[in-house]
Every structure is written in structure tokens, then in C-alpha cells.
Amino acid sequence: MNPVSSNYYDFFGLEHKLDLDLADLEKRFYALSRQYHPDRYTFKSREEQQYALDATAILNDAYRTLRDPLARAEYLLKENGFDIGEQGSKNVPPELLEEVFELNMALEELRGGDDSARPALEEARTKFVEMREKIDAELRGRFPGYDQTRDRNLLSEIRALLNRRRYVRNLVNEVDHELTGAAA
Amino acid sequence: MTPIQIDFGKPERVVGIDLGTTNSLVAYMDTAQHPSVIPGEDGDKLVPSIVTLTREGDIIVGNKARAALIDEPDRTVYSIKRLMGRGVGDVQEELKLFPFRVAEGSESVIRIQLGERTFTPPEISSFILRQLKTNAETFLGEPVSKAVITVPAYFNDAQRQATKDAGRVAGLEVLRLVNEPTAAALAYGLDKRRDGIVAVYDLGGGTFDISILKLHEGIFEVLATNGDTHLGGDDIDNRLVHIALEDIHSEWGKDISHYGDAVQTLRRAVIEAKERLSFVPSTRIEFAYKGKTYQREMTRAVFEKLIADIVDRTLGPCRNCIKDAGVAVEQIDEVVLVGGSTRIPMVRSAVETLFRAKPHTDLNPDEVVALGAAVQAGILSGTVENQLLLDVTPLSLGIETMGGVVSKLIHRNSTIPASATETFTTAVEGQRNVLIHVLQGERELAKDNRSLARFDLKDIDPLPAGMARIEVRFLIDANGILNVTARDARTGKEQSVDVKPSYGLTDEQVEAMYQESIDRAEEDFRARQGAEARVEADRILAAVDKAKRNDAYLDLTDEERNEITRALNELLVVYHSDDHLLIRAKIDQLNKVTMKLAENMINTAVSSALKGTKI
């Protein structure tokens, strides 16, 4: 029973990179699952069963994180000492100020029972979803650059993008919530 | 005491059990490594999940208990699965529709009244499991003590724990709880040996599950699951019964809904009609009670109109599941149908329309879950190689934070085992305890989710406010059951945690029920042994009685005759004792002292027979 690494990249035997080959990641996940899954330890000692359980829990948590580009980027940022708390996403990004102001007005109207705000909200939603997709593309665009240069400035940029994305995501969720909630 | 047998060559026997709302089954892997369902004593593979307590105090399960539904409705229970892991508060709807007799004083754990006794749902389920265990032991000719039991994928922690408890009370070590649709996929995959994306649509007696899996070289990876633990064929039956009761009320001018026997007879009649309608376009519901009859013609079209909303309720979870799985409908290669209710043509066409694929119906929808459970049992015991199941947790796990808001720690559809670690601290100086409220569900507010348990972190070192750092690890194991451990992050010492489950039994209660069931089993065993000894005593008493009238008896010495009389009287004295060994000892003694008499009688018989031939 060799102790397994609690570092997600190390567990998978991967370099600490932002750009990962998902097909390769899945192959490794299946192979490691076959090795560690509790099903393989049913008639082993209690210690070995616990070991399998703990190892598989880390493996599954690791796979969930690494296969999702955003969670992966957050994980790597954290590894590199960046603070990625929710705090950064609470401040309105300056370039969004005007749109967010208008959105909040529309949300207030809808909450007040004014259904005429609905089309404006739907329009805003489309806009924010597009914005989110643009951020995703920008993020991915920076992954290979970082992997090659290991430039911490790129990580700072990525963190800023992640915060902006989270902010936009929260907006979309809020609009969705109001739109479906009001309809119900 | 039999010495413990250690056989290294043979893998341990593990059976697979489908503990269903309507029927239960037990299956095993045969020598050719094919899953196979084990029939009961009556030859039936399906054991109806019906339990009755006879007036003599015996528990009867299955087909033999079915008649009691009508004859002894107050001593009989069905669909107990609907109550597993639930409190009285959340079954009020159920109680309107099902004839469950909840005993007074039930709160977080329901107790069901059967005659003069009360039982918890896990105990009632344990009776069904015990029957399946006996069936397997009789069939296999060896003791069975380990099992894989299936549960609806959408079962929460308490419902899973209750199922595990039932296994324990039945004397079974539950090696794994497997989700029913996943088990079905295992049986399907073993059958097909083809990679791809498969959806399993499982509409059983009381529960609905939908799971989407990726099959790849023996790996069965669940991508997402969804469902409704209170939706199934029962709902269709209840709808039909309700309509028939109204009809009868207006036709006969009499409301019979409070007569348990009448309702159960009617229920049987509508179920049979429902089943016929899957094969014929029109049928008749016929029902007679106390000399009165009720008849109603029902076409499939009318039937479909009546149940349309029930079928519709399965579609929302399907859509959500497809979304959560991150696949497009076109990517789903096949839909596997599980559960008796999927025989209904309307269900089939609804599935076909939604998934745009013809459903796979080669496998018997009643048996496929049990077969899959047997495959999983084979995986665990190592006889089935290369196959591995990667399942997910159906519901998000979270803790209650300030303002009654839930903070999610493990999201739904995470592959299990899954874990999350959270650090807690104290709010006031010298605080010794921290209470953590754990919930399951997708809603934002704690009150809208399912309360799992309250964990009390005890004996925290007294420190200024906010200085203590207790690291709590939440781990969902491969059964989908939560385990919580805590340690003091400053000292690294294990931190003691007291668990107060919101619903369900404590370990001590389960252990006590198990002991009681063992005691009862021993009592039953002793009773049976006693009865058998008395049968033998009757035989020898009759034989001796007859022999005393034989001439050979008179040829014995006085001493020999006295010995026989003494042994005879001693046997009569112990005849009604419940110590079967004592009865047997006296039988042996009487046998011994009558040996000479028996020999003499044979000689006499032989000589008179010889005499006879001379004539």
C-alpha cells in the first residue's frame, strides 16, 4: 500500500499544465480506477479497504477538477499561491458597470411584478452568455502560453479572467432564477 | 460448534438482491459465470414484497402472504419500500394512498402496526431479505451471509442506510448497495459487450430512476442520474382503484373504501386489468364483494388518458439527466427499459419519443436488476474480472450556514467515493462544541432540503473565539452513504464526532433488532426440533403400545417389563417439554429397553410365518 499523492496532477502522473488532453486524462482515470477502486478490496483487511476508499476519493475528486478547464485553472492557480476566493468576483468589472446597472433595473421591475421587463432581461441574458463564452475562449487561449513559458503574469491574467467569468456566471444565474421563478 | 472452515481456493459466495417495492429477487453467478435468478420454494422467481404476521405469531413473506392481504389486511403490509428511511412528517401523502397502519408515537422512525406488534420499515424489509436468504441457501445448499443489495439511484442517505440496516437485521453482510439502473446496465453490458452511451429508464412499483452511462471496455461510468423516489406503478394502481371506488360508490350507494379486504380485492382486479391492457386494446375490470358486482370496460385509450400525467412526470427527470450528463440526445445509443411498468405501451412510446431511439427490451424488466446485482457480487468476489462500476451520488451534499443557507460541499452526479474537507472554528471564547447540520438536496435553503444528520464536534480545546481549527472530512463511500471524520488541525488529533441521524435507526437499535431476530430464529428452530421429536415419540409410543398386546411381551421377565414401563412413563413426562434433546434421550432409552421385545416379536413372526407355509 504505497501512499498516494494528494496532489491531483501527481496522482495522475501528469505535468502541472493548464492544457490537458482529455482523452488521455480519461484513459488514466479508468486505469487508476481499476487499480484503486474499493470493489477490488472487498475481502482485504480493514486497513486496505480504508486505503482504497481514501485513494479513490482523491482520484475522483482529482478527475472532476482536472477535466473541467475552469476548475483545473483554479487548482493550478492555488498551487502557485494565488488567492482565488469569491472576493474578487464581487466587485463589478469596470467595463460592465453600465450593463449591470441596466440589468439591475430590469430585475427590480420584474420582481415588482412588471412583466414588461421580461424581454429586456432575456436580451441581457443572451448578451451575458455570449460574454461568458468569449471569456472562456480567452482563457483557453492563454493556457498553452502559460504551459510553455510558466510566466506568472499569465497566471495573473487568468485569475482576472476567472473572476470576471464568475461574476458574469452569477449574473446569468440570477437572471435565470428570476425568469423561471416569475414564470412559476 | 463447527470449526471455521478456511477454503482459500473458493471465492466467497455473494448473492445479488433486488429488494423491490412490489417484488424482490435473489440472483447468483452460476459456474459458467452467468447471472441467474434463484427461484423460491414455490418455483416462483419473484417473491412478492408482502409480509404478514399470522395469528400464531409467525412471519410469512411472498406469495403465501398475498392471500393475507385480503383475509388479514390488518396484519399484512406491502410496498414497505416507500417508507424506508423516512419520518412520519414526510409520508403523509403516502398514508392517504396506502393502507399503512402507523403505530402511535412514531416520529423520526416510523413503526408499522401488524396485529398486536409493531415493526420499523427496515425490520419488515429484513423479513423479505431473510426469505430470499433462505431461498438462496436451500437452492445453493450452502449458507449465504453476504449480499449486494440494489436501491433506487435517487435514494438519499437515510433511505440507503435503512436498506443497509435491513440487511444487517436479516443476518446479511451488505457488501455493497448498488443503484438499480446501474445494476441493470451491468446485466445489459455483459449481454451486449458493446461500448457506447446507454440510458436506463427504470419505472418500478414505487420508484423512478433515469441514469445515463458510458460503457467503455468493461468500465461502466455513470455520467448522471435523476429520478423520483415516489413515482411508479403503485401510482397507476392507486389512480385506477380510486376511480373504481367512486364508480362503486355511485352504483351501489355505498363507500367501501374503508373495508381493507374489499379495497385489496379491487386493487388486485385493477392491477390485472392494467397488465392485460399492455397486450390487448380493451379489457374489463371485474369485482365482486358481498354478493354485489362491479364491472367496467376499459380501453387502452381511456387508460392512457388516465395515466398520462404519471407518465409525463418521468420526462422532466429524463431531460435534466441528459443535460447533467453533458450529452446530446443523438449520442445516446440505446435506452434500456427496467421495471414492470415499462411494459405499458404508452411508457415505451414516451421513452422512444424523448430519446429518439427504440428502447431495448430483450431483457426481462423484472429480473434485470437482480441479475446486475449478481454481476456486481461477482465483481466484488473477484470472479467477474475486467468489469468495473463507477457510480455517482444522486443528490448534492451540503451544510447549513448562517441564515439557514446551504453551502454545497459535494455536488450531485459526482463520482463516488467523493470527499470534501471544511474547516470549522468557534464563535465564542472557551466554546467546547460545534454543531454541523448536514443536508442533501439541490435547494438553496436548508429547510427545503433533506436533513441527514447533525454532527456534534465535542471536547474542543477551550481557546479564544475563532482560534480553534477543526477540519471535518465528508466522505461519500461507494454505497452512497456519508461518513464524517474530524481532526483538530492544530494538534492533528482525531476529534470526536457525535452523530444524530435525522431519520433512521442508531447502530445500537439495529444491533438490538438483529439480536432479536436471531433469538426469534433460535426460538423457531427449537420449536421445530421439539415438534419433530414429538412426532418420533408418537411413533415409538404407538409401536410399544401395540407390542404390549403381542405374545412376545409376556415372554419378557418382570424386570424387563418394569424397565419398559419406567422408560415409557419418563418419555410421557418430558413429552411436552421444549427441550427436544431431552425428548430424544427418552426415546433412545425406550428404544434400548424394548430392543429384546422387538427381537422376540420378529422371531415369533418369523416362526409363525414358517408355520404358516407348512400348512
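Which chain is which? The protein sequence lines are A and B, in order.
Residue numbers 1 to 184, in the working numbering, belong to the letters of the first sequence in order.
Residue numbers 1001 to 1615, in the working numbering, belong to the letters of the second sequence in order.
Each residue gets a CB set at the ideal place from its N, CA and C atoms; glycine is no exception.
Assuming residue 1424 of chain B is part of the alpha helix (DSSP H), what are its boundary residues?
The residue labelled residue 1424 of chain B in the question sits at position 424 within the second sequence. First-last for residue 1424 of chain B: 1418–1424, but that is the beta strand (DSSP E), not the alpha helix (DSSP H).
So residue 1474 of chain B is in the beta strand (DSSP E); what residue range does that whole segment cover?
Taking the second sequence and counting its residues from 1, one reaches residue 1474 of chain B at position 474. From DSSP, the beta strand (DSSP E) with residue 1474 of chain B extends over 1470–1476.
Name, please, each residue of chain A whose Cβ falls closer than 8 Å to the Cβ of residue 1616 of chain B.
Because chain B is modelled from 1001 through 1615, residue 1616 of chain B falls outside the range shown and cannot be assessed.
Residue from A/118, A/11, A/168, A/68 with nearest C-alpha to residue 94 of chain A
Counting from 1 along the first sequence, the entry for residue 94 of chain A is found at position 94. Among A/118, A/11, A/168, A/68, the Cα nearest to that of residue 94 of chain A is on A/168.
Cβ-based burial, residue 1077 of chain B [other Cβ within 10 Å; buried from 16]:
The residue labelled residue 1077 of chain B in the question sits at position 77 within the second sequence. The residue is buried, with at least 16 neighbouring Cβ atoms inside 10 Å.
I want to verify the contact list: residues of chain B whose CB lies under 8 Å from the CB of residue 187 of chain A, in sequence order.
Nothing in the structure corresponds to residue 187 of chain A, since chain A is present only between 1 and 184.
Residue 1155 of chain B burial status per 10 Å Cβ neighbour count (16 or more: buried)
To locate residue 1155 of chain B, count along the second sequence from 1; it is residue 155. Flag for residue 1155 of chain B reads buried.
When you compare the CB of residue 56 of chain A with every CB in chain B, is at least one pair closer than 7 Å?
Looking up residue 56 of chain A in the first sequence gives position 56. True, the Cβ-Cβ gap to chain B drops below 7 Å.
Taking beta-carbon pairs under 9 Å, can you tell me which members of the segment 1412–1426 of chain B lie near chain A?
If you check each beta-carbon in the segment 1412–1426 of chain B against every beta-carbon of chain A, the ones closer than 9 Å belong to 1414, 1415, 1416, 1417, 1418, 1419, 1420.
Given a threshold of 16 other Cβ atoms within 10 Å of its Cβ, counted over all protein chains shown, does residue 101 of chain A qualify as buried or as exposed?
Within the first sequence, the letter at position 101 stands for residue 101 of chain A. By the neighbour-count rule (16 or more Cβ atoms within 10 Å), residue 101 of chain A is not buried but exposed.
Taking residue 101 of chain A as part of the alpha helix (DSSP H), name the residues at either end of that continuous run.
Walking along the first sequence from the start, residue 101 of chain A turns up at place 101. Start and end: 97–111.
So residue 1216 of chain B contacts chain A; which residues on that side make the cut at Cβ distance below 8 Å?
Translated into positions along the second sequence, residue 1216 of chain B becomes position 216. Within 8 Å of the CB of residue 1216 of chain B, the CB atoms of chain A belong to 30, in sequence order along the chain.
How many whole angstroms separate the CB atoms of residue 1170 of chain B and residue 1129 of chain B, which I take to be in contact at a CB cut-off of 8 Å?
Walking along the second sequence from the start, residue 1170 of chain B turns up at place 170. Walking along the second sequence from the start, residue 1129 of chain B turns up at place 129. With 8 Å as the limit, residue 1170 of chain B and residue 1129 of chain B qualify as a contact, their Cβ atoms being about 4 Å apart.
Closer than 8 Å between beta carbons: that is the criterion. Which residues of the segment 3–14 of chain A meet it against chain B?
So nothing in the stretch comes that close.
Is residue 37 of chain A close to chain B? Criterion is C-beta to C-beta, closer than 7 Å.
As a position in the first sequence, residue 37 of chain A is number 37, starting the count at 1. Yes, residue 37 of chain A lies at the interface with chain B (some Cβ there is under 7 Å from its Cβ).
Start and end of the beta strand (DSSP E) containing residue 1060 of chain B?
Locating residue 1060 of chain B in the second sequence gives position 60, where the first residue counts as 1. First-last of the beta strand (DSSP E) with residue 1060 of chain B: 1059–1061.
Alpha carbon to alpha carbon, how far is residue 1428 of chain B from residue 1469 of chain B? Give it in angstroms, no decimals.
Here residue 1469 of chain B is taken as the residue at index 469 of the second sequence, counted from 1. Here residue 1428 of chain B is taken as the residue at index 428 of the second sequence, counted from 1. Approximately 13 Å between the Cα atoms of the pair.
Return yes when the Cβ of residue 1374 of chain B is within less than 7 Å of the Cβ of residue 1028 of chain B, no when it is not.
By 1-based counting over the second sequence, the position of residue 1028 of chain B is 28. By 1-based counting over the second sequence, the position of residue 1374 of chain B is 374. Contact flag set, yes.
Is there a C-beta anywhere in chain B that falls below 7 Å from the one on residue 107 of chain A?
In the first sequence, counting from the first residue as 1, residue 107 of chain A sits at position 107. Taking Cβ atoms only, chain B never reaches closer than 7 Å to residue 107 of chain A, which makes this a no.
Residues in its own chain within less than 8 Å of residue 1001 of chain B by CB, not counting five upstream and five downstream?
Translated into positions along the second sequence, residue 1001 of chain B becomes position 1. Confidence in residue 1001 of chain B is poor, its pLDDT being 40 and thus under 50, which makes the residue's placement too unreliable to answer from.
Tell me whether the segment 1383–1393 of chain B and the segment 1342–1358 of chain B touch, counting them as touching only if at least three CB pairs, one residue from each stretch, are closer than 8 Å.
Touching, no.
Using a C-beta to C-beta distance shorter than 8 Å, which residues of chain A count as neighbours of residue 1012 of chain B?
The residue given as residue 1012 of chain B occupies position 12 in the second sequence. Near residue 1012 of chain B (Cβ distances below 8 Å), the residues of chain A are 43.
Contact set between residue 1197 of chain B and chain A, taken where Cβ atoms lie within less than 9 Å:
In the second sequence, the residue the question calls residue 1197 of chain B occupies position 197. Per Cβ cutoff of 9 Å: no residues; residue 1197 of chain B is ~14 Å from chain A at best.
Mind pulling the alpha helix (DSSP H) runs of 4 or more residues that sit fully within the segment 130–156 of chain A?
Runs of the alpha helix (DSSP H) inside the segment 130–156 of chain A: none found.
Might you give, ordered along the chain, the residues of its own chain that have their beta carbon closer than 7 Å to the beta carbon of residue 1447 of chain B, omitting 5 neighbours on each side?
Within the second sequence, the letter at position 447 stands for residue 1447 of chain B. For residue 1447 of chain B, where only same-chain residues beyond five positions count, the Cβ hits under 7 Å are 1404.
In this structure, does DSSP put residue 16 of chain A in helix, strand or coil?
Locating residue 16 of chain A in the first sequence gives position 16, counting from the first residue. Correct three-state label for residue 16 of chain A: coil.
Please report the Cβ distance between residue 25 of chain A and residue 12 of chain A, rounded to the nearest whole angstrom; I am assuming they are in contact, meaning their Cβ atoms lie under 8 Å.
Stepping through the first sequence from its first residue, residue 25 of chain A is reached at position 25. Stepping through the first sequence from its first residue, residue 12 of chain A is reached at position 12. Under the criterion of beta carbons closer than 8 Å, residue 25 of chain A and residue 12 of chain A qualify as touching, at roughly 7 Å.
Using a Cβ-Cβ distance under 7 Å, would residue 188 of chain A count as near chain B?
A question about residue 188 of chain A goes unanswered here, because the residues of chain A that appear run from 1 up to 184.
Please classify residue 1413 of chain B: is it buried, with 16 or more other beta-carbons within 10 angstroms of its beta-carbon, or exposed?
By 1-based counting over the second sequence, the position of residue 1413 of chain B is 413. The Cβ neighbour count for residue 1413 of chain B, taken over all protein chains shown within 10 Å, is at least 16; the residue is labelled buried.
Look at residue 1318 of chain B and residue 1354 of chain B and say whether their C-beta atoms are less than 7 Å apart.
Here residue 1318 of chain B refers to the residue found at position 318 of the second sequence. Here residue 1354 of chain B refers to the residue found at position 354 of the second sequence. In this structure, residue 1354 of chain B lies closer than 7 Å to residue 1318 of chain B by Cβ.
Within-7 Å CB hit, residue 1475 of chain B to chain A
Here residue 1475 of chain B corresponds to residue number 475 of the second sequence, with the count starting at 1. Yes - at least one Cβ of chain A is within 7 Å of the one on residue 1475 of chain B.
Where residue 1550 of chain B and residue 1532 of chain B are concerned, what is the direct C-alpha to C-alpha distance, given to the nearest angstrom?
The residue given as residue 1550 of chain B occupies position 550 in the second sequence. The residue given as residue 1532 of chain B occupies position 532 in the second sequence. About 28 Å.
Between the segment 63–76 of chain A and chain B, which residues of the former have a C-beta closer than 8 Å to a C-beta of the latter?
Those residues of the segment 63–76 of chain A that come within reach of chain B (Cβ to Cβ, closer than 8 Å) are 63, 64.
Chain-order list of residues whose beta-carbon lies under 6 Å from that of residue 1231 of chain B (same chain, five-residue window excluded)
The residue you call residue 1231 of chain B lines up with position 231 of the second sequence. Correct list, in chain order: 1208, 1313.
Using beta carbons (cut-off 7 Å, strictly below), is residue 1213 of chain B in contact with chain A?
In the second sequence, counting from the first residue as 1, residue 1213 of chain B sits at position 213. No, residue 1213 of chain B lies away from the interface with chain A (no Cβ there is under 7 Å from its Cβ).
Just the chain A side, please: which residues come within less than 8 Å of residue 1379 of chain B by C-beta, in chain order?
Numbered from 1 along the second sequence, position 379 holds the residue referred to as residue 1379 of chain B. What residue 1379 of chain B touches in chain A: 39.
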